[in-house]
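Numbering (this note's numbering), first residue to last: 8 to 97.
No residue lacks a Cβ here, since even glycine has one placed at the ideal position from N, Cα and C.
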């Protein structure tokens, strides 16, 4: 697995396990995702749409947000799986 993809997966796993905050997760993803420049631009757009609610919701508890962190984490996993497949396909 690509080192960047591995780093993103580790950050997501850490967030799911409570070893890092959603804010930390977003920072790690924003730091490393640009290294995946081989992906089509639509991947960056989709990722931004997934990270924005986590950024804006970091000031609130999950119960007071209009989204579920669990669902966003699941969607980040889908994004990561699709990015991995796309990069593997060349």
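Query                                                                                                                               : Result
Status (buried if at least 16 other CB within 10 Å, exposed otherwise) for residue 95                                               : exposed
Extent of the continuous alpha helix (DSSP H) run through residue 75                                                                : Note, residue 75: premise wrong, no alpha helix (DSSP H); not H, not E.
CB-CB length for residue 18 against residue 42, believed under 8 angstroms                                                          : Actually they do not touch by this definition, with Cβ atoms about 13 angstroms apart.
Whether residue 33 touches residue 54 by CB criterion (8 angstroms)                                                                 : no
Residues of its chain near residue 12, where Cβ-Cβ distance is below 6 angstroms and the 5 sequence neighbours each way are ignored : 91
Coarse secondary structure for residue 63, derived from DSSP in three states                                                        : helix
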